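Visitor: Note that the sequence shown ends on residue 246 in our numbering; no numbers are left out. Note that CB positions come from ideal geometry on N, CA and C, so glycine has one too. All values reported here derive from a predicted model rather than from experimental measurement. This is the structure, below, for whatever I ask next.
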Amino acid sequence: MRTDLVSEAGDPTRPNEDFAGLGLPASGQGGCVILLDGVTPPRDGTGCLHSVPWFTARLGGALTELTVSGRDLTLPEILSGAIARTAEAHAHTCELSHPRTPQATVVLTRWSDEAVEYLVLSDSVLLLQSPDGAVTPVLDDRLDRLPRSALATDALIDAHLRNKEGGFFTAAADPSVASRAVTGALPRHEVRALVALTDGATRWTEKFHEGDWTALLDLLAKEGTRALVERVRELELADREERAFLGRSKTHDDATAVYVEL
């Protein structure tokens, strides 16, 4: 097995809001990847005393422990339990019903000798490569399918779309959101490699169109996760100077990539 992980803050003066972890059980059989992309909060607050990095660290830690030890649990059950555990840690001090209570996107995958299971919630991405080299992206594209007019302001999004039916879902304080995730499983022999990416890393494909998902995975396999992030940073800097691309709210974003050859 080969693993490669990088996580870099978009702004060195601000904490990285992403979380990534690899779990390898002591039995030596199987493993897991946990990836979270914390949602940057608005300036007018979240109803919570805690930061997004506090939340992603808590949720990521709970997901890692439950995924490694809870082999009898499904991935939605693991996500639900981790959200509930994290909510309990600050329910007595914070307004968890606030639409911007700390929250994150989720990629969770677990493999054994028999199967590779996966779960994706919101706009982080999981790539699965078959032995013949074909790459299948696992996407929760609900946010992308919403009309741009519905996303005009944060107030509209929070009132009508964020963690609401007909909108999109993130891991926040409601454990039932786990049932909204995109989930599935494949036989272990059908997966040669997998990649988990936050949207700061997927910019190489989704924003700058430097290559498709297959090309992105090939880049990681040949040059590593650090090379991907470095190329994204170069593209972001050129974009800032030339204004050649539109649709980004900030020049740099936290970027995290995890590559695993099974």
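Thinking V19 and A4 are a contact (beta carbons under 8 Å), I'd like their distance in whole angstroms, please.
Guide: The sequence as given places Leu at residue 19; Val does not occur at that position. Contact holds; Cβ gap of about 5 Å.
Visitor: Here's a check: name, in chain order, each residue in its chain whose Cβ is nearer than 6 Å to the Cβ of G208, leaving out the five neighbours to either side.
Guide: Taking G208 as the centre and dropping the five residues before and after it, the same chain places the C-beta of D(-12) closer than 6 Å to its C-beta, in chain order.
Visitor: State the DSSP-derived secondary structure class of E(-8), mapped to helix, strand or coil.
Guide: In the three-state DSSP reduction, E(-8) falls in the strand class (E or B).
Visitor: On the CB-based measure, 16 or more other CB atoms within 10 Å of its CB, does D(-5) come out buried or exposed?
Guide: exposed
Visitor: When DSSP builds the beta bridges, which residues end up paired with A110?
Guide: Reading the sequence as shown, one finds Leu at residue 110 and not Ala. L110 is bridged to V122, A180.
Visitor: Rounded to a whole number of angstroms, what is the C-alpha to C-alpha distance between P115 and L201?
Guide: 13 Å
Visitor: Could you give the DSSP three-state label for V23: helix, strand or coil?
Guide: coil
Visitor: So who's on the other strand from L92, going by DSSP bridges?
Guide: I18, L103
Visitor: Please confirm whether L123 and V104 have their CB atoms less than 8 Å apart.
Guide: yes
Visitor: Counting C-beta neighbours from all protein chains within 10 Å, is the total for H76 16 or more, i.e. buried, or is it exposed?
Guide: With fewer than 16 neighbouring CB atoms inside 10 Å of its own CB, H76 falls in the exposed class.
Visitor: Between the C-alpha atoms of D97 and L43, what's the straight-line distance to the nearest angstrom?
Guide: Cα to Cα, the separation comes out at about 27 Å.
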